[in-house]
Each structure stands twice: as structure tokens, then as C-alpha cells.
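One structure is given here, and the rest of the page talks about it.
Number of protein chains: 2
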Amino acid sequence: MFTKVLIADDIDFNDLGAAQILNELDVLEIQYAKYCDEALLKIKKAHLDGAPFQLLISDLSFKADHQLNKLNSGEELIAAVKKQCPNIKIIVFSIEDRAHRIKLLFDELHIDGYVIKGRNTIYDLKRAIQKAYNNEPENVSPELLYLLQDKTTREIDNYDVRLIKYLSIGISQENMETVFKQEGISPNSKSSIEKQVSKLKIYFKANNTVHLVAIAKDLGII
Amino acid sequence: MFTKVLIADDIDFNDLGAAQILNELDVLEIQYAKYCDEALLKIKKAHLDGAPFQLLISDLSFKADHQLNKLNSGEELIAAVKKQCPNIKIIVFSIEDRAHRIKLLFDELHIDGYVIKGRNTIYDLKRAIQKAYNNEPENVSPELLYLLQDKTTREIDNYDVRLIKYLSIGISQENMETVFKQEGISPNSKSSIEKQVSKLKIYFKANNTVHLVAIAKDLGII
DNA sequence: AGTCAGATTGTGGTTTACCGTAAGGTGTTG
DNA sequence: CAACACCTTACGGTAAACCACAATCTGACT
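So the sequences go chain by chain: A and B. All residue numbers for the first sequence refer to the working numbering, where the first residue is 5 and numbers rise by one. All residue numbers for the second sequence refer to the working numbering, where the first residue is 5 and numbers rise by one.
Structural data, given as C-alpha cells:
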């Protein structure tokens, strides 16, 4: 079993539960971080000291407060950690249950497991840690495995996400052409953008653009 | 101090932390509920048995799963509980930090305290329980008190919320007139609706309607 | 190079949104 | 009841979104 584990979670309440599980799994050294930056720092330090963490259990959302942080989400933390220590195992542990966001974690950040905080957390997290240790693939709870099958989320690519994102921050379709050209995003003609928005509306069964953005927000796509 | 407390939270992980705090406060009887319906049932039963709960600590969001529930949010649970047992004290305990939603809890459901799940949860919840026991007003953490001062949320009334809500589910301004008349919402002329949407856009500094709805969703207004 | 399918862009017309202004209603006050 | 402010509704013009169709470009294959 892992011997040195870091838990990154901004809710102090969760430490107790995590500690209990890791004790049951006979993990010797457990450290905690309440901020992303703090977590990265600890991982870097341990790495330099020649006693690296073997597992990071991280939440996704970290509340902003008076402390200024460079990293402000689990995604950013994980990307930074992977860059620094590619060998560390990473399990994400969050209440987020929207397939799209979770899918991205596996596909782009190559995490080693995902546990939804819920009614069976204690059991699920324990299993996930064991699976991560044994390098088992598809390290998610059964209900999530089902969610990840959902096509809806797979057929929405980065272009779509950025398009909807820009719509949601008030860029009109008129101006989208200019913005896309500045950002080097293609296709970027007014006509193409209209067409793509229209496709997305059909795809998500949205009556209009307002509806589309609301749906995308609900699904966690933006 | 309270002697009988119910905790309604669907994340099993949180039970440990809550139990620790309540033990420190010498609360004798602590019960847990993972579903809203379950929580209401326990409260009803205790009431009928002549040994009612004195305090309910409830989360706001409860995940849906295979179990069908009549009540599906903390708000619904609290409304139902208040109806049944007006004397029970209620503290809401959630990660929700958006002023608008919290404000509604105090103004319409008359809760006795609010604690944001965060880095100081253990301290904050303990204080909140003591304050609720002593009937102290404004039972929130200092940072939240500041948030609740924010005017933004006070000046948005029910009409605005419904308007934005309908926009977000794909009702065009064209059709809003018909919908509002059916629902008995007034004013309902196309002109009035246009005007109100326009006001809201100015208020929230939104470039267009899409942007407005996105902002409203981010603020937790809808 | 030539062909072709599919993607991208362009164009014109229709609908909806947007915005200013004016007309109509309602309630208050002297 | 006249005067007034304020709210609601109506109207008209402009801009943006929407939609169908046509033109152009692109890359793969022969």
C-alpha cells in the first residue's frame, strides 16, 4: 500500500474522514493542504527531499479567500503536479457529478481515479485507493462508469466549449468572428459560428442561445 | 446546551466531523439522515413520541439517486420541518456561499444560523450552535455577514427571478407575454418585459440576454 | 493534375431582440 | 376633480440572430 499520501481539500471537516480511511489502509504518513499552492509546494518539497508523495487525493473546487493563490482549482493543481512529478498517482475526490467535467480529468489530466463525495464515500474512496495502488483502469464507482458512457459529453469538443464560454460572457455572434480571429480559433466566420451554435442548439434541444448557455452551465460544460 | 440534534447531510464523510463537534458541546443524542425525506420522518416521529429534536443541522443540496424522495433540497426540507415543528432551531450547513440564496433562507425560511463549509468549519459550526442555543441574531460568520450586506441581492425581487428563470429555460421574450399571462404574473406586456430585461442587464452589467442569464446562474439567483 | 466530398465562408431574407419615445392607466395629493 | 408622478402598454425603427441556399476552399484519393 501507499506509504505517503497528500490530501488537498479546503474543507477542514473532510480531514477526519480521510484520515480514518487511510489509517484503515495502514498508510503511514498523511499530510493535508487547504490551498492548491500549499499542496503543490508540499509535493515539490517532498520530491526534492527524496521522499516524494505516492498519492495525491484532491478536491476540485477551492474557495477563494484572503490568501492569494496561483492555482485555484483541482484541475490546475493536478496539471502542475503532473508536470513536476509525473509518477505520482492522483485520485480526485469531489462532489462534482457532471460527466463532462469528470471525463476531461481522465482524458486530459490522466488521473488515476475519481470518487464522488456522496452517501458511500467511505467505501468508494477506500476501493479507489486500492485500485489506484494496483494500477487498475476505470477507477470509478459503477454509477459513474455509467455516466461516463454518456455520449452527450464526448461529442462536445474544445471548440464547442470555447464557443459557448464566449457566448456566456456576453460576446455576441456578431463579434465572435473578431474574437476568434484574435485568439487564432478556426473556423471563425460569422456564418460558421452561426452554424455551430445552431448545431449545438439542436444537440442540446435548446430553444435559443440563452437556453443553450443555461443548459451548458447546468451540465458543467462551461 | 441542546440535548437532541439531527444532522441531515448526504455525504457520509461529514458525519464524523459533526459528531466530534457535538460531542465537544456535550450533546447527548445525535442522529443522522442521508435523505431529506428520512430527516423529515425522524423529526415527525420524535415530535409524536414527545421527544422532539431541538436542532436540525441541514445541508442544502442532496444528490438524487435510486431512492425516490418527495423533498429534494435543504430548502424544501426546512419548509416542511418548520410547518411541522415551528419551534425547532435550524442551522444550515453548506458549501453554498452565494449571498442571494443564503439571504432567502433567513428572509423566507427564518433559519437560525448559517455556516459555510470551508477552512474553519469546525470552529464556525461550534460557534453557530452555541449562538443558536442562545438565540443570538445574525448567526453567521463575519465574512458572510459582509456578503449579506451586498445590495445586489436585495434589489432583485421575485418577479426578476421568475423572469430570468423563464429566459433560462428557453422562453423567448416574444412568448414571455403569453406565459406570464397564463401564470398570472404581472406586468406581462411584451414592452414591460423588454424593459425589465433591459434594466436587469444594466444592473448586472450584462452585454446581452445570454450574458445576463449566465451571470444570474453564477450568482445563484436562478 | 483532376475529382470529389466535406468543411468553410458568403449572401439575402425573415424573425426576434433591442431601444427610444409616446400613449394610456392608476393612485395620490392638495 | 385637477394635477401630478409613476407604472404599464403600445409603436416604430435599428441591430442582431436565425435560416436556407450558394459559392469557395481544402484535403484525400486516384
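Think of the CB as a built atom: it goes at the ideal place given N, C-alpha and C, for glycine as much as any other residue. None of these values were measured; they are calculated from a predicted model.
Classify histidine 70 of chain A as buried or exposed, calling it buried when 16 or more other Cβ atoms lie within 10 Å of its own Cβ.
When all chains shown are included, histidine 70 of chain A counts as exposed.
Report the residues of the region 11 to 26 of chain B with a CB closer than 7 Å to any CB of chain A, ordered along the chain.
Taking 7 Å as the Cβ-Cβ cut-off against chain A, the residues of the region 11 to 26 of chain B that qualify are Asp14, Ile15, Asp16, Phe17, Asn18, Leu20, Gly21 and Gln24.
For glutamate 112 of chain B, does the count of other Cβ atoms within 10 angstroms reach 16, so buried, or fall short, so exposed?
When all chains shown are included, glutamate 112 of chain B counts as exposed.
Which two residues bound the contiguous alpha helix (DSSP H) that contains leucine 81 of chain A?
Per DSSP, leucine 81 of chain A belongs to the alpha helix (DSSP H) from 78 to 88.
To be precise: take each residue of the region 38 to 62 of chain B, compare its Cβ to all Cβ atoms of chain A, and keep it if any distance is under 7 Å. Which residues remain?
Flagged, chain order: Lys38.
Please report whether the beta-carbon of alanine 218 of chain B lies at a distance below 8 Å from any beta-carbon of chain A.
By this cut-off, alanine 218 of chain B is an interface position.
Between tyrosine 170 of chain B and the rest of its own chain, which residues show a CB-CB distance below 7 Å, the 5 nearest in sequence each way excluded?
Excluding sequence neighbours, tyrosine 170 of chain B sits near Met180 and Val183.
Can you find a CB in chain B that lies within less than 8 Å of the CB of valine 31 of chain A?
It does not; no Cβ of chain B falls within 8 Å.
Could you list which residues in chain B have their beta carbon closer than 8 Å to that of serine 172 of chain A, in chain order?
Per Cβ cutoff of 8 Å: Val214, His215 and Ala218.
Given a limit of 9 Å on CB to CB distance, which residues of the region 114 to 141 of chain A reach chain B?
So the list reads Ile120, Lys121, Gly122, Arg123, Asn124, Thr125, Ile126, Tyr127 and Leu129, given in the order they occur along the chain.
If we require 4 or more residues per run, which alpha helix (DSSP H) segments fall completely within the region 151 to 209 of chain B?
Within the region 151 to 209 of chain B, the complete alpha helix (DSSP H) runs of at least 4 residues are 155 to 158, 162 to 172, 177 to 187 and 194 to 207.
Going by beta-carbon coordinates alone, are aspartate 41 of chain B and lysine 87 of chain B separated by less than 8 Å?
Contact flag unset, no.
If distances are taken between C-alpha atoms only, which option among A:Arg166, A:Gln186, A:Leu64 and A:Lys203 comes closest to isoleucine 225 of chain A?
Out of A:Arg166, A:Gln186, A:Leu64 and A:Lys203, A:Arg166 has the C-alpha closest to the C-alpha of isoleucine 225 of chain A.
Since serine 176 of chain A meets chain B, which of its residues come closer than 8 Å, beta carbon to beta carbon?
Near serine 176 of chain A (Cβ distances below 8 Å), the residues of chain B are Asn211 and Asn212.
Which residues does DSSP pair with isoleucine 35 of chain B in a beta bridge?
Looking at the sequence itself, residue 35 of chain B is glutamine, so the reference to isoleucine does not match. Per DSSP, B:Leu10.
Mind pulling the chain B residues with CB within less than 9 Å of lysine 194 of chain A?
None at all; the shortest Cβ gap to chain B is about 16 Å.
Mind checking histidine 104 of chain A: buried by the 16 CB within 10 Å criterion, or exposed?
Counting Cβ neighbours within 10 Å, histidine 104 of chain A comes out buried, since at least 16 surround it.
Listing by chain order, which chain A residues have their CB less than 7 Å from the CB of lysine 221 of chain B?
Near lysine 221 of chain B (Cβ distances below 7 Å), the residues of chain A are Ala218 and Lys221.
Alpha carbon to alpha carbon, how far is valine 214 of chain B from proline 141 of chain B?
Cα-Cα distance, rounded: 39 Å.
Give the interface partners of aspartate 101 of chain B over in chain A, defined as CB-CB distance under 8 Å, in chain order.
The contacting residues are Lys67.
From the DSSP output, in three-state form, read off isoleucine 120 of chain B for me.
Here isoleucine 120 of chain B sits in strand by DSSP.
When DSSP labels each residue in this structure, what does phenylalanine 66 of chain A get in the three-state scheme?
Three-state DSSP puts phenylalanine 66 of chain A in coil, outside helix and strand.
Assuming phenylalanine 97 of chain A is part of the beta strand (DSSP E), what are its boundary residues?
Per DSSP, phenylalanine 97 of chain A belongs to the beta strand (DSSP E) from 93 to 98.
Using DSSP with H/G/I as helix, E/B as strand and the rest coil, what is leucine 26 of chain A?
It is helical.
From the DSSP secondary-structure annotation, give me the bridge partner or partners of isoleucine 61 of chain A.
Paired residue(s): A:Ile11 and A:Ile95.
Comparing C-alpha positions only, which one of A:Glu159, A:Leu81, A:Glu28 and A:Gly174 sits nearest to alanine 37 of chain A?
Of the candidates A:Glu159, A:Leu81, A:Glu28 and A:Gly174, the one whose C-alpha sits nearest the C-alpha of alanine 37 of chain A is A:Leu81.
Give the single residue among B:Glu79, B:Ile94, B:Gln177 and B:Gly188 whose Cα lies nearest to the Cα of lysine 8 of chain B.
The candidate whose alpha carbon is nearest that of lysine 8 of chain B is B:Ile94.
Looking at the unbroken alpha helix (DSSP H) that takes in aspartate 128 of chain A, where does it start and where does it end?
It spans 125 to 137 - the alpha helix (DSSP H) in which aspartate 128 of chain A sits, taken as one unbroken run.
Using 8 Å as the Cβ pair cut-off and three pairs as the minimum, do the region 185 to 203 of chain A and the region 193 to 201 of chain B touch?
Touching, no.
Output the boundary residues of the alpha helix (DSSP H) element that contains aspartate 16 of chain B.
Element bounds for aspartate 16 of chain B: n/a, residue is neither H nor E.
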